[in-house]
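In order, the protein sequences belong to chains A and B. Here our numbering = 1-based position in the first sequence + 165. Once you know that position 105 of the second sequence is 99 in our numbering, the rest is easy, because the numbers rise by one and skip nothing.
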Amino acid sequence: MSLTKEDALSKAQKDLAKRLNVEESSIKEKSTDEVDFPDMALGAGTEDEMSGQMLTRGWRIRLDSAGKTFEYRADKNQVRLFNFKGKNYKI
Amino acid sequence: MNRNNFLPHVALALVLILVAAFAGQLRRWQKQWKSQVRIIPAEKKHPATIDEIALTDSLHLGRPEILVRFKPGVSEETIDRITSQLNDRVEDRIENAPGLDAIDDLDNEDATELVAQYSKMPEVEYAEENYEISLPDAVEGPLVPVLPHDPQFSDQWALSNEGQRGGKKGADISAPLAWATTTGSDKVVVAVLDSGVDYNHADLVNNMWVRPANLPPYHDDDLGIIDDVNGFDAIDNSSDPMDDNGHGTHCAGIIGAEGSNDIGIAGVDWKVQIMPLKFMNAGGFGTTKDAIEAINYVIERKKAGVNVRIISASWGSTQKSRALEDIIRKAYEEGILFVAAAGNASTNNDRAPHFPSSYNVPNVVSVAALDRNDQLASFSNYGPKSVAIAAPGVDILSTWLGNEYEEKSGTSMATPVVAGVAALVLANEPGLTVDELKKKLLTSVDKLDSLNGKVTSGGRINAAKAVE
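Structure, rendered in structure tokens:
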């Protein structure tokens, strides 16, 4: 399965709504930028995870909920939540 | 004839016969002498590599000798007359090139002057010195760089940087000069511990490790028997390490894309055996446990007799694992070098370690990345105490899934460059211990100002120095 930018955004919005226990419609897209992440875990590796050390093209998705900003990172293979309460998550 | 003249005539005839006989003997002696001169073997040369044949005029066998092509229609008698007038002689007539004669000069005249003399003659089409074709001394003479026949080689700045695309000429690992000594060996096995390898890629297929027929399938007490014909997949504990990401295939091509095969690119090693191991999934990440499982596989195969001497590990994280460190130490005890990516966070590994490259185990070689101008890549981790060496790692062209090629950047790309050079060294010196091999790599660098205080060796790997 190869994710598009829209797929990644949709997955991120659903995930955040669920985590915050809010309506998905209340999650707003602040920005989605194409960037190079430092590794294949998109610079958001989880515990006990090793990743290829190759620069990886993807999207940095910033979402807003009630005035707070949350960062998701995605590429064609994956979506990750970056630094949520001090931890990273694979979606 | 009257009787009074008979005796003087007989005496004269006898004298003439004796003179003729003596002259004939002289000619035979001369012929013998000449034939002896001709069979003196040329001075024995050390073996040399292809493309090293050079023309030299420094080793004439004691007399100037030239090749003269006379114009069509010039008779042999005319040629003999001309050479005789100059006190030269025709040493040989080349049967398949009418009019072409090898001419000796009996006055020991300079060959260049002799050529000039003959060139002016109306009977002569051309004249040239008879250069001696020799193989330069591979030990004492300078090595001649060897270039592969691979259509995309000119894009491989890491191997030979001619300043292409704004790069700095010479900011490379001096691969062509190393190849004058060795292009690798299919007796050296390098384990690519990664997302697997596309072992069917046309530029890799001939350099892939295949389990020898006399080696039993892999047996693990917990996993059972795995028919590891093409390697090992530690994610599924299966026998198929096919790459579904591309990262492992890219790393494999940097080490050992078949060289001079008229396809794609050349690896650091034209000939090598790449053992594909899969522990990272299609996304390019995997677990510590699967990495350990794959390293254990390598150790077991080494114990079973496979000459796997290097693990190339283009991955990592900031999570420290004692178990991973222990298995890498075990690999050291088995004589296996562990080349690891320093990481891509632009940080100092001395302060914020990156694993496995920061493990303090003797077989670990931590690798930083350089760009095409010999500058530390903006993303590359560094560490004067914990990062050993640097290698090209930006815009590196290599093999990709589906018989494709792609340019990628990262310490992931720098790592297999060093692993590949290590394999070249072992091709040249198979008996080196892992400690000797590591020392060889770290002392075979080009020191760079840009790496001063950034990596332990202070330099970029130089393959030519490493195989000296």
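Every residue, glycine too, gets a C-beta built ideally from N, C-alpha and C.
- prompt: Out of curiosity, what's the CA-to-CA distance linking residue 192 of chain B and residue 93 of chain B?
  reply: Answer to the nearest angstrom: the Cα atoms are 60 Å apart.
- prompt: What is the C-beta distance between residue 235 of chain A and residue 181 of chain A, in whole angstroms, given that I count them as a contact (C-beta under 8 Å)?
  reply: Rounded, the Cβ-Cβ distance is 6 Å, consistent with contact.
query: In chain order, what residues of the same chain lie with their CB nearer than 6 Å to the CB of residue 38 of chain B, ignoring the 5 residues before and after it?
result: Confidence at residue 38 of chain B is low in this model, with a pLDDT of 30, below 50, so the placement of that residue should be treated as unreliable; the coordinate-derived value is given next. Counting only Cβ-Cβ distances below 6 Å, and skipping sequence neighbours, we find nothing.
query: In chain order, which continuous runs of the alpha helix (DSSP H) of length 4 or greater are located wholly inside the stretch 190 to 269 of chain B?
result: Listed in chain order, the complete alpha helix (DSSP H) runs (minimum 4 residues) inside the stretch 190 to 269 of chain B are 241 to 250.
task: Please name the residue in B:245, B:289 and B:174 whose C-alpha comes closest to that of residue 226 of chain B.
output: With distances taken between Cα atoms, residue 226 of chain B lies closest to B:289.
field: Identity of the residue in B:412, B:316 and B:97 nearest residue 354 of chain B by Cα
entry: Per the Cα distances, B:316.
field: Per-residue contacts from residue 406 of chain B into chain A (C-beta, under 9 Å)
entry: Chain order gives the chain A residues near residue 406 of chain B as 204, 205, 217, 218, 219 and 220, where near means a beta carbon separation below 9 Å.
- request: Quick one: which residues of the stretch 236 to 255 of chain A get their C-beta closer than 9 Å to a C-beta of chain B? List them in chain order.
  value: The residues in question are 240, 242, 243 and 255.
query: Considering residue 215 of chain A, what are the terminal residues of the alpha helix (DSSP H) in which it resides?
result: Unbroken run through residue 215 of chain A is the beta strand (DSSP E), 214 to 217; no alpha helix (DSSP H).
Among B:223, B:299 and B:187, the one whose alpha carbon lies nearest that of residue 249 of chain B: Taking residue 249 of chain B as reference, the option from B:223, B:299 and B:187 with the minimal CA-CA separation is B:187.
field: Three-state secondary structure (DSSP) of residue 147 of chain B
entry: Annotated three-state conformation of residue 147 of chain B is helix, per DSSP.
- request: Could you run through the stretch 136 to 151 of chain B and flag, in chain order, every residue whose CB is less than 9 Å away from some CB of chain A?
  value: Against chain A - using a Cβ distance shorter than 9 Å - the stretch 136 to 151 of chain B contributes no residues.
query: At a Cβ threshold of 8 Å, is residue 195 of chain B touching chain A?
result: No - not a single Cβ of chain A is within 8 Å of the one on residue 195 of chain B.
- prompt: If we count the other Cβ atoms within 10 Å of its Cβ and call it buried at 16 or more, is residue 222 of chain A buried or exposed?
  reply: Around the beta-carbon of residue 222 of chain A, fewer than 16 other beta-carbon atoms lie within 10 Å, marking it exposed.
Contact set between the stretch 324 to 358 of chain B and chain A, restricted to residues whose Cβ is under 7 Å from the partner: Answer in chain order: 335, 337, 338 and 339.
message: For residue 416 of chain B, which residues in the same chain have their Cβ closer than 7 Å to its Cβ, ignoring the five residues on either side in sequence?
response: Taken in chain order, the residues that qualify are 304, 331, 333, 431 and 435.
query: Based on Cα-Cα distance, which residue from B:224, B:206 and B:209 lies nearest to residue 199 of chain B?
result: Nearest of B:224, B:206 and B:209 to residue 199 of chain B, Cα basis: B:224.
task: Give the secondary structure of residue 316 of chain B by DSSP, where H, G and I count as helix, E and B as strand, and everything else as coil.
output: Helix at residue 316 of chain B.
field: Residue of B:71, B:308 and B:370 minimising C-alpha distance to residue 447 of chain B
entry: When only C-alpha atoms are compared, the closest one is B:370.
task: Could you check what DSSP says for residue 365 of chain B in three-state terms: helix, strand or coil?
output: Reduced to three states, the DSSP call for residue 365 of chain B is coil.
- request: Output, in chain order, the set of chain A residues within a Cβ distance shorter than 8 Å of residue 281 of chain B.
  value: The answer, in chain order, is 213, 214 and 215.
query: Can a CB atom of chain A be found closer than 8 Å to the CB of residue 241 of chain B?
result: Chain A contact via Cβ: present.
- prompt: If contact means a Cβ-Cβ distance below 7 Å, which residues of the stretch 394 to 405 of chain B contact chain A?
  reply: For the stretch 394 to 405 of chain B, which is checked against every Cβ of chain A, the residues closer than 7 Å are 402, 403, 404 and 405.
message: Between residue 223 of chain A and chain B, is the shortest Cβ-Cβ distance under 8 Å, so that the two count as touching?
response: Answer no: the Cβ-Cβ gap between residue 223 of chain A and chain B never drops below 8 Å.
- prompt: Looking at residue 253 of chain A and residue 210 of chain A, is the spacing between their C-beta atoms short of 8 Å?
  reply: In this structure, residue 253 of chain A lies closer than 8 Å to residue 210 of chain A by Cβ.
message: For a contact defined as C-beta to C-beta under 7 Å, what are the partners of residue 313 of chain B on chain A?
response: What residue 313 of chain B touches in chain A: 212 and 213.
- request: Would you verify that the beta carbon of residue 189 of chain B is, or is not, closer than 8 Å to some beta carbon of chain A?
  value: Closer than 8 Å to some Cβ of chain A, the Cβ of residue 189 of chain B qualifies, so yes.
task: Alpha carbon to alpha carbon, how far is residue 325 of chain B from residue 204 of chain A? Give it in angstroms, no decimals.
output: Rounded to whole angstroms, the separation of the alpha carbons of residue 325 of chain B and residue 204 of chain A is 26 Å.
query: Can you tell me whether residue 59 of chain B is buried or exposed, with buried defined as 16 or more other CB within 10 angstroms of its CB?
result: Label assigned to residue 59 of chain B: buried.
field: Unbroken alpha helix (DSSP H) run spanning residue 399 of chain B, endpoints
entry: Residue 399 of chain B: not part of any alpha helix (DSSP H); member of the beta strand (DSSP E) spanning 398 to 402, first to last residue.
query: Taking Cβ positions only, does residue 452 of chain B come closer than 8 Å to chain E?
result: Considering every chain present, this structure includes no chain E. Its protein chains are A and B.
- prompt: Three or more beta-carbon pairs under 8 Å between the stretch 278 to 295 of chain B and the stretch 170 to 178 of chain B, yes or no?
  reply: The answer is no - the stretch 170 to 178 of chain B does not touch the stretch 278 to 295 of chain B, with fewer than three Cβ pairs under 8 Å.
task: Flag this pair as touching only if the stretch 81 to 97 of chain B and the stretch 142 to 160 of chain B have three or more C-beta atom pairs under 8 Å; answer yes or no.
output: Not touching, per the Cβ criterion.
Option in B:347, B:426, B:145 and B:156 with minimal Cα separation from residue 357 of chain B: Considering only alpha carbons, the answer is B:426.
query: Does the beta carbon of residue 226 of chain B come closer than 8 Å to any beta carbon on chain A?
result: Nearest CB-CB separation between residue 226 of chain B and chain A: not below the 8 Å threshold.
- prompt: Where does the unbroken alpha helix (DSSP H) through residue 414 of chain B begin, and where does it stop?
  reply: DSSP places residue 414 of chain B in the uninterrupted alpha helix (DSSP H) bounded by 405 to 422.
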